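Q:
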Amino acid sequence: MRVALVHEWLLTHGGSEEITGQLCAVFPEADLFTLVADPVPSLRALIGERRIVTSALQRIPGATRAHRRLLPLMPWAIERLDFTGYDLVISVSHAVAKGVRVPAGVPHLNICCSPVRYAWDLQEQYLEESGLSRGVKGVAARALLKYIRDWDRRTATRPTQILAISEFIRARIQRVWGRDSGVLYPPVETEFFAARSEERGAKSEGMRGRGEGTEAEGEAGTRLYVTASRFVPYKRIPLIVEAFRLLPDRELVVIGDGPEWEKAKAVAGPNVRLLGHLPRAELRDWLQRADGFVFAAEEDFGIAPVEALAAGTPVVAYGKGGALETVGPGCGVFFGEQTATAIAEGVRALEAEIAAGSVTAARCEEWAEKFSVERFREGVRAAVRATAGAGETAVRAEMERGQ
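Take the sequence shown: its position 236, counted from the start at 1, is 335 in our numbering, and no numbers get skipped.
(1) Could you check if residue 141 is buried or exposed, using at least 16 other CB atoms within 10 Å of its CB as the buried criterion?
(2) Would you give the residue range spanned by the alpha helix (DSSP H) that residue 289 belongs to?
(3) Just the C-alpha distance for residue 184 and residue 210, rounded to the nearest angstrom, thanks.
(4) Report yes if the C-beta distance between residue 326 and residue 371 is below 7 Å; otherwise report no.
(5) Determine, using beta carbons only, whether residue 182 and residue 191 come nearer to each other than 7 Å.
(6) According to DSSP, what are the bridge partners of residue 471?
(7) Please name the residue, chosen from 125, 114, 361 and 282, that lies closest to residue 473 on a Cα-to-Cα basis.
(8) Decide if the stretch 375-389 is in contact with the stretch 235-251; the criterion is three or more beta carbon pairs, one per stretch, under 8 Å apart.
(9) Tell me whether the beta-carbon of residue 258 lies closer than 7 Å to the beta-carbon of residue 487.
(10) Exposed or buried, what is residue 470 when buried is set at 16 or more other beta-carbons lying within 10 Å of its beta-carbon?
(11) Taking the beta carbon of residue 214 as the centre, do at least 16 other beta carbons fall within 10 Å, making it buried, or is it exposed?
(12) On the DSSP bridge assignment, give the partners of residue 282 in chain order.
(13) What did DSSP end up calling residue 377 once you bin it into helix, strand or coil?
(14) Return the chain-ordered ranges of every alpha helix (DSSP H) run that is complete within the stretch 123-204 and spans a minimum of 4 residues.
(15) Quick test of your reading: residue 121 and residue 476, contact by CB under 8 Å. State the CB separation rounded to the nearest angstrom.
(16) Which residues does DSSP pair with residue 323 in a beta bridge?
(17) If you reduce the DSSP assignment to three classes, tell me which class residue 107 lands in.
(18) Taking 8 Å as the cut-off, does the stretch 437-452 touch the stretch 395-415 (at least 3 CB pairs, one atom from each stretch)?
(19) Assuming residue 243 is part of the alpha helix (DSSP H), what are its boundary residues?
(20) Per DSSP, which one or two residues make a beta bridge with residue 372?
(21) Using only the alpha-carbon positions, how far apart do residue 106 and residue 354 sit?
(22) Could you compute how far the alpha carbon of residue 128 sits from the alpha carbon of residue 102?
(23) What span of residues does the alpha helix (DSSP H) with residue 443 cover, start to end?
(24) Taking the alpha-carbon positions, what's the residue 174 to residue 268 distance?
(25) With a cut-off of 8 Å on the beta carbons, I'd call residue 411 and residue 294 a contact; round off their distance for me.
(26) So for residue 391, helix, strand or coil by DSSP?
(27) If you drop the 5 nearest sequence neighbours on each side, which residues of the same chain put their C-beta closer than 7 Å to that of residue 162?
(28) Distance, Cα to Cα, residue 316 vs residue 324?
(29) Return yes when the Cβ of residue 466 is within less than 7 Å of the Cβ of residue 423, no when it is not.
(30) Tell me residue 431's beta-bridge partners as DSSP assigns them.
(31) Which one of 196, 286 and 378 has the shortest CA to CA distance from residue 356?
(32) Relative to the alpha-carbon of residue 482, which residue among 330, 167, 351 and 284 has its alpha-carbon at the smallest distance?
Given below as C-alpha cells:
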C-alpha cells in the first residue's frame, strides 16, 4: 500500500510538525509532500529519512526563507501535487494542505489544526501586525485574503474525512466551512515530561507545603512559576511578565524567544528571569520544579499546558480556546480576561485551590495522559480504517509496520 502524507511546509519544528512526525512513525514507508522544504535538524530527526516531494514553489529563489510571501501562489501549487498511484492521502493542514486534489476513489483524511487563521478569525490582527491594515497595500491584502477564504471554503469538500485537533477547532470548521468533523487531539510527549516515580511524592508534598495560604511564602519558600512559548503577540508573554510585578513574592521563569522579547524584557521586574530558548530536557526540568505554569493565549489546542500537566504542574490559563479542553478538573484554574490583574488573581486562585487539596500533581499527570502519543496513534489508526473502507487490510498491514 502506498501512503502519501501532506504538510504545508517543512521548515521549523512546531505543533503541526509534531502531528506529521507521529504520522511518519505510524506510516514509516510513506512519502511526504509539501510546498517547500528545508527542515531544521530537530524536524529532520522527527520525520526521518524518507522521500520528500516539493511543489513548484521550491524552485523560487529564497522560497524557504520567505515562504509566507508566497501565500497567493499556495492554492495553485498545492493543487498541482501529483498523487497518482497512492492508495491513501493524509494531510495535516493549518493553511492550504487540505486542498490537495487526489485521484477518484482514493481516500483523503485531513487532520485540521485550523482553517486558515489569518484569513478568518485573525485577519485584522494579521493585517495590523504586518503593516497592511491601511492604504493601497491594505486594500490589496484584504482582496487576497478574500480570495483565500473563498478557496478555503470551496475546497473543504475535498477530504473524505476531517479530524479537528480540538472541539474549539471543530466549532470553527462548522462555522466557516459548514462541515462537521471528528476530533483527534494532537500528540504530546507525556512520558518524556512525566516526573520520575521517586519525585512524584515530593512534588505533591511541595505543592501542599507551598499552598498554605498567601502569607506562608517565607516559611514555605518562594513559589516558582514558569511560562514557555514563542514570543509572538497572541501568546501574550509580555502580559504574563507584567503580571508578576503584582506578585513580587513569586518568581517567574520565562522560556522561549521571538519578536516580542524586548517588550517582555522592558516590563520584567527583579523576580522574572528570561532564559531564552532551552533544550527540551532543560524545559522539562523547569516544569517539574515549578509550582504552576502560566498560559495567556487563546490557542487552538495548546501543547505547552499539557506538557506542564504531564510534569505534575498545574496550570493558570486564559479561559478560552483549547485550554478549556486541555486543562481538566483538578488541574488548574482559569482567568477571564487577558490583563495583568486577571493573571495575578489567577495565580492566587491556584494557590488557594492547592491549599484546599482541589488541585494535585496526581490529577495533573492523569489528565495529561488523554493526550499521549499512543492515544494519538490509536486515533489515527481508527480514523484511517474508517476512512479507507475497502482498503482496511492493506492499511492495517502498513500501520503494523509502524508500531
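Think of the CB as a built atom: it goes at the ideal place given N, C-alpha and C, for glycine as much as any other residue. Given the structure is predicted, the values throughout are model-derived calculations rather than measurements.
A: Concretely, from the data shown:
(1) exposed
(2) 289-292
(3) 22 Å
(4) no
(5) no
(6) 287
(7) 125
(8) no
(9) no
(10) buried
(11) buried
(12) 263
(13) coil
(14) 140-146 and 173-178
(15) 6 Å
(16) 350
(17) strand
(18) yes
(19) 234-253
(20) 352
(21) 27 Å
(22) 8 Å
(23) 439-454
(24) 22 Å
(25) 5 Å
(26) strand
(27) 135, 156 and 169
(28) With a pLDDT of only 39 at residue 316, under 50, the local geometry of the prediction cannot be trusted, and the value read off the model is given with reservation. Straight-line Cα distance between these residues: approximately 14 Å.
(29) no
(30) 414
(31) 378
(32) 284
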